Amino acid sequence: MAIIKAENGQISDKVVILGNMERQKTINSYLKNVEKISEYAGYQTYTGEYNGQKITTVFHGIGIPSMALVVDDLISAGAKKIVRFGSAFSVSENVKPGTAILPIGYSYNFGGVFKQYLGDSYSIALTPDYGMLKAEDEKLSRAGIDKVVGNVFTSDALMTHNKQFAEKLAKDGNIAVELEGAGLYFIAKLKGIQALSVHLAYGNLVTGETLAADKINEKEKKISETLLDLLSQ
Numbered sequence: 089m090a091i092i093k094a095e096n097g098q099i100s101d102k103v104v105i106l107g108n109m110e111r112q113k114t115i116n117s118y119l120k121n122v123e124k125i126s127e128y129a130g131y132q133t134y135t136g137e138y139n140g141q142k143i144t145t146v147f148h149g150i151g152i153p154s155m156a157l158v159v160d161d162l163i164s165a166g167a168k169k170i171v172r173f174g175s176a177f178s179v180s181e182n183v184k185p186g187t188a189i190l191p192i193g194y195s196y197n198f199g200g201v202f203k204q205y206l207g208d209s210y211s212i213a214l215t216p217d218y219g220m221l222k223a224e225d226e227k228l229s230r231a232g233i234d235k236v237v238g239n240v241f242t243s244d245a246l247m248t249h250n251k252q253f254a255e256k257l258a259k260d261g262n263i264a265v266e267l268e269g270a271g272l273y274f275i276a277k278l279k280g281i282q283a284l285s286v287h288l289a290y291g292n293l294v295t296g297e298t299l300a301a302d303k304i305n306e307k308e309k310k311i312s313e314t315l316l317d318l319l320s321q
């Protein structure tokens, strides 16, 4: 394995991956008997228990190549269900900061990781496991969390994320933009495992609104519980 240095049985078949170490600490705070399994090049892996189920959490780094490496490693180690909890910026005036975003699909630039895996054949529709999407949608509703299901664009260039770019994405049918999600759905699709992403909208690129730090923490705690319930049900 390239990133995760683990022995047989240390990685659960149910995994939460995160691109923010503070968010990983939040998820880990709900687990019992948490053990650090691996730390390599800044990538940290933990395994603990939630509702009697073994759950692994992994920091996946930034960008699609990093995401692809981590997800490929996890699948090689026996992961069958992977949930990603990330952030995003909405590009629709109707999606306010603090909204949970469930990508029903990701748009992406066809090149890089995607082209190296597929050659010049064709693109792949990057969609989640429908059962997981439906169940998480219901859990977010029961938790009283505002949420929306829609298409999200995975970007390779954070510094291009301005209002003009956001307006183009929205015109093309996207509700948000982020940096790694397409990589998860892509590798999961190729390897035949179940995957789902959930994003918290930190801000809106069109209106300029942002979510306060205390509200981010509050929302992430609530969403974390729904994701752990999803994996342990």
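Taking this note's numbering, the leading residue of the sequence shown gets 89, the next gets one more, and so forth. C-beta: ideal position from N, C-alpha, C; glycine also. Here the structure is a predicted model, which means the values were calculated and not measured.
For residue i, the three-state DSSP class (helix, strand or coil)
i    : result
N108 : coil
E224 : helix
P191 : strand
I263 : strand
Proximity to residue i [Cα-Cα], best of the options
i    : options                   : result
T133 : S100, Y118, N139 and G151 : S100
I143 : K124, L119, V159 and M155 : L119
D208 : Q98, F198, A165 and S312  : F198
Close beta carbons around residue i, own chain, < 6 Å, minus the five adjacent residues each side
i    : result
I328 : Not covered by the structure: residue 328. The range shown for the chain is 89 to 321.
K279 : I163
E123 : T135
Whole-angstrom distance between residue j and residue i, CA atom to CA atom
i    : j    : result
E333 : F177 : Since the first residue of the chain shown is 89 and the last is 321, residue 333 is not available in this structure.
L106 : I152 : 13 Å
T314 : G186 : 15 Å
E181 : A258 : 9 Å
L299 : F202 : 33 Å
K277 : A270 : 10 Å
A289 : G174 : 9 Å
The beta strand (DSSP E) enclosing residue i, as first and last residue numbers
i    : result
K120 : K120 to Y128
Own chain partners of residue i with C-beta closer than 7 Å, once the 5 adjacent residues on each side are dropped
i    : result
L267 : I150, G151, T242, S243 and L246
K227 : T314, D317 and L318
N121 : G136 and E137
Opening and closing residue of the alpha helix (DSSP H) in which residue i lies
i    : result
F253 : K251 to K259
T314 : A301 to S320
Neighbourhood of residue i by C-beta, 8 Å cutoff - its chain only, sequence neighbours within 5 removed
i    : result
G130 : F147 and G149
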